[in-house]
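Everything below concerns the one structure shown next.
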Amino acid sequence: MNPGPFTPAAPPRPTWLGAGAVLVMFALATAAGLAMAPRWESFPVVLVYLPPVLAAAAFAGRWLALLAAVAATLAYNFFFTEPYYTLLVHDTGDIVTVAMLLLVALVTSHLVTSLKAQGEIAAFHAGRNATIAGFARRLLSCADEVAIAEVAAGELARIFDCHACVVCGVGEVRMIAGTAGVDRLTAADLAVAAQTLEHGKTAGRHVSGGSLTDWQFHPVCGATGTLAAVGLARSDGMPPVEPERLSLLENLLDQVALALARARLESAGRENVVLRERDALRSALLGSIGSDVRPHLNSIAAGLRKLQRAGGGDVEVLHEVAGETARLTSFIDNLADLDLTQNQDPVIVGAAAIDLYRRTVTLGGEPVKLTPKEFAVLAELARNAGRVLTHRYLLRAVWGPAHEDHVDYLRVAVSALRKKLGEGVILNEPAVGYRLPVQSDQ
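Oh and the sequence shown: position 254 is 274 in our numbering, straight run, nothing missing.
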């Protein structure tokens, strides 16, 4: 296993070793002070004892630093204040010097140990953040849930030096990924995993309710509930995660939850794309059926009407054929109007809103009553907003092929629509047809 940023640190050096180093430094400082005192008196010697105190605070810990501060004061008092080689102090100036030396030594030792502790905390958090960032980066490269589970199991096993697996499922719990040597889970393991998936709480070994399994299962919770469960276990039976590293595990499981949620959203998005493409194909086929078959049915209906007016042929047969033709025309119209990908939002033209899905028209929020032919003309223009539709096209689509030359019908309907909705709703293309303005025209 490659050591991560949170690999347990090497055991600290024995206390006696640090104490011995401090004593050696004080011996050297005392020797230097004895050499300096005859020439510069004893006052500069005070500064000689500060480096050993700082070194003790930086390398030996808080308690040895405090001991070094006291030892520096006693050594200075013993060797450099009168009466010499005793702990007594007769001169008031020496009392102040000894007291200030003790105070400075204590303050500096405390500051150094505090800075050292803050540095260790900063390094701890930096390593923690690096672990989480690397874990998230590995998960980001995964395309599906199985790949995410495999990466998560491998990384968690490496970080915590244990076996790992990922389980999911509602009702039927199954393992979707595991580290080397983890081929399957027993029925008892799956039962405990199901408990974690159902309640969203940690269960398993060293946790209440998991005495029958060697695994400890932790929930992977997302916004919609428990997405999966991660199982951790050690071969020696010890807890897989130390208490002080549980917060790290929770952060890593949050990253797994985000990755699983992203993978599921991407999968749903791909399915929606397939559905949209399939619906677009169906819509195109339905539209082609309507445009190809409807003209022929209209021609048949027009021919039947001519025969009925002329009084030729078998009347009963003509009525039967006319009825079947009308039914087929109705079916084709329904198919042509069925647009599976149609946007259900209304078409907005100025203050008018044309809702083709609900077959309603409003002006300034108030409903407008239209005749069937008026709505049919407006709906045809709304479906092709921005495009110019010829007179013959609109007449054929609304009144049928038999009325392609009756432009007056169309003009009357358009005039009525303009009175009800406003002059700017339908634009006229002289000698060609009509169109609904798009946003750039308004």
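Quick reminder that beta carbons are idealized off the backbone N, C-alpha and C, glycines included.
Contact between Gly442 and Gly370 holds, since their C-beta atoms are separated by about 6 Å, short of 8 Å.
Put simply, the backbone Cα of Ala146 is about 10 Å away from that of Gly139. Counting only the Cα atoms, Ala281 lies some 59 Å from Val341. Under DSSP, Val186 takes part in a beta bridge, and its partners are Ala197 and Val250.
Contact between Ala433 and Glu386 is absent: CB atoms are separated by about 21 Å, not below the 8 Å threshold.
In the structure shown, Val367 falls within a strand segment according to DSSP collapsed to helix, strand and coil. In the DSSP assignment, Thr391 falls outside any alpha helix (DSSP H), carrying neither H nor E.
Remark: C-beta atoms of Gly406 and Val458 approach each other more closely than 7 Å. Distance between Ile168 and Asp203, taken at the CA atoms: about 18 Å. Proximity to Ala211 across Trp83, Leu232 and His226 peaks at Leu232, based on C-alpha coordinates. In this structure, the alpha-carbon of Tyr69 lies about 14 Å from that of Ala55.
Listed as beta-bridge partners of Tyr105 by DSSP are no residues whatsoever. The residue from Ala346, Asp234 and Glu102 with its alpha-carbon nearest to that of Ala57 is Glu102. Cβ contact annotation for Gly384 (same chain, cutoff 6 Å, sequence separation greater than five): Ala371, in chain order.
If you draw a straight line from the Cα of Leu456 to the Cα of Leu447, it is about 6 Å long. Distances from the alpha-carbon of Gly220 to those of His226, Thr206, Val313 and Cys188 put Cys188 closest. For Gln236, DSSP records a beta bridge to Gly224 and Leu252. Across the set Arg82, Ile368 and Pro64, the C-alpha of Arg82 shows the shortest separation from the C-alpha of Val42.
In the displayed model, Val261 falls within coil according to three-state DSSP, outside both helix and strand. The DSSP-derived three-state label of Asn318 is helix.
Taking a 10 Å sphere around the C-beta of Glu165, we find 16 or more other C-beta atoms and assign the residue as buried.
Between Ala88 and Val66, the gap from beta carbon to beta carbon reaches 7 Å or more. The Cβ atoms of Val418 and Glu449 do not sit closer than 7 Å to each other. Residue state for Asp375 is assigned as strand, using DSSP reduced to three classes.
The beta-carbon distance between Ala184 and Val250, rounded to whole angstroms, is 7 Å. This is short enough to meet the 8 Å contact definition.
Under DSSP, Leu447 shares a beta bridge with Arg455. Secondary structure note for Leu383: it is in no alpha helix (DSSP H), and the uninterrupted beta strand (DSSP E) holding it is Thr380 to Leu383.
When DSSP states are grouped into helix, strand and coil, Glu424 belongs to the coil group. By the criterion of a C-beta distance shorter than 7 Å, Val388 is surrounded in its chain by Val381, Thr382, Lys440 and Leu441, once the five residues flanking it on both sides are discounted.
Taking each of Gly198, Asp425, Ala200 and Phe237 in turn and checking the Cα distance to Ala214, the smallest one comes out for Phe237. For the pair Ala197 and Cys241, the CB atoms are not nearer than the 7 Å cut-off. Residue pairing by DSSP puts Cys241 in a beta bridge opposite Thr246. It is roughly 7 Å from the alpha-carbon of Val397 to the alpha-carbon of Leu414. Under the criterion of beta carbons closer than 8 Å, Val132 and Ala95 do not qualify as touching, at roughly 19 Å.
In the three-state DSSP reduction, Glu270 falls in the helix class (H, G or I). Going by beta carbons, Glu424 and Arg412 fall inside the 7 Å limit.
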